[in-house]
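Residue numbers (the working numbering), protein chains in the order written: chain C, 64 to 181; chain A, 17 to 127. Below is one structure, written out as structure tokens; comments come after it.
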């Protein structure tokens, strides 16, 4: 069974500062990796994902994450954050099945609340 | 496309009451999921469905039931509400490239 650990429950930063949200996972098989974002009083939205290919993946709003298989990590980074990035961020994993598809179930970390202060 | 819709948005139940949380998606997705979100605990999978007529338990199924008679609808039933079921419930459906699409959530308070 897979598991996800988000090492920081809260990360406060100032606007325009860089940020890294850490995520480690555990699985006995290959995995797909995801970051979802939840703005206040809303559902979750996919931010970015790693399925295969390049280990560095990017979102349209400047976030990036790198899949590191040896360290079983998928940390999320942004070089310069905005007030509007204030949200809760969830790392998630699903296991790759024998046919290449996932086991269709996401396992989430406990979330990291990113607060961007002016 | 409305995506994934959930009703109601908020509900207060008394202990022992029952209710159904509604979830509908208009994307023709086969896979659908119910999660609960508790503060500081992330999301836990309650039940999921791989298509009409097929459902299976997730990580925390006790106290809940589901059915899937159509591709579009995936209701979640609470038979005897307990305070431990106070939570925010999210429905999701799985599209292409492993992406799950989430509804806006139902906030449930059991008193």
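From the three backbone atoms N, C-alpha and C, an ideal C-beta is built for every residue, glycine too. On a predicted model such as this, the values are computed, not experimentally measured, just so you know.
At least 9 angstroms separates the CB of residue 65(C) from every CB of chain A. Going by DSSP, residue 92(A) is part of the beta strand (DSSP E) stretching over 92–94. When DSSP states are grouped into helix, strand and coil, residue 89(C) belongs to the strand group. Cβ contact annotation for residue 119(C) (same chain, cutoff 7 angstroms, sequence separation greater than five): 127 and 129, in chain order. Here the C-alpha atom of residue 103(C) lies approximately 16 angstroms from the C-alpha atom of residue 180(C).
In the structure shown, residue 100(A) adopts helical secondary structure according to DSSP, grouped into three states. Under DSSP, residue 75(C) takes part in a beta bridge, and its partners are 178(C). 106, 110, 113, 114, 115, 116, 118, 119, 120 and 121: these are the residues of the stretch 95–127 of chain A whose beta carbon lies less than 7 angstroms from some beta carbon of chain C, given in chain order. Contact between residue 69(A) and residue 84(A) holds: CB atoms are separated by about 6 angstroms, below the 8 angstroms threshold.
Residue state for residue 146(C) is assigned as helix, using DSSP reduced to three classes. When 136(C), 92(C), 106(C) and 142(C) are compared, the shortest CA-CA separation from residue 150(C) is found for 106(C).
Under a 10 Å Cβ-count criterion, residue 56(A) is classified as exposed, with fewer than 16 other Cβ atoms of the shown protein chains found around its own Cβ. Between residue 110(A) and residue 47(A), the gap from beta carbon to beta carbon is short of 9 angstroms. The closest CA to that of residue 158(C), considering only 169(C), 82(C) and 148(C), is found on 169(C). If you ignore the 5 residues before and after residue 60(A), its C-beta comes within less than 7 angstroms of the C-beta of 51, 52, 75 and 76, all in its own chain and listed in chain order.
Rounded to the nearest whole angstrom, the CA to CA distance from residue 86(A) to residue 124(C) is 36 angstroms. Taking a C-beta distance under 9 angstroms as the contact criterion, residue 139(C) and residue 98(C) qualify as a contact pair.
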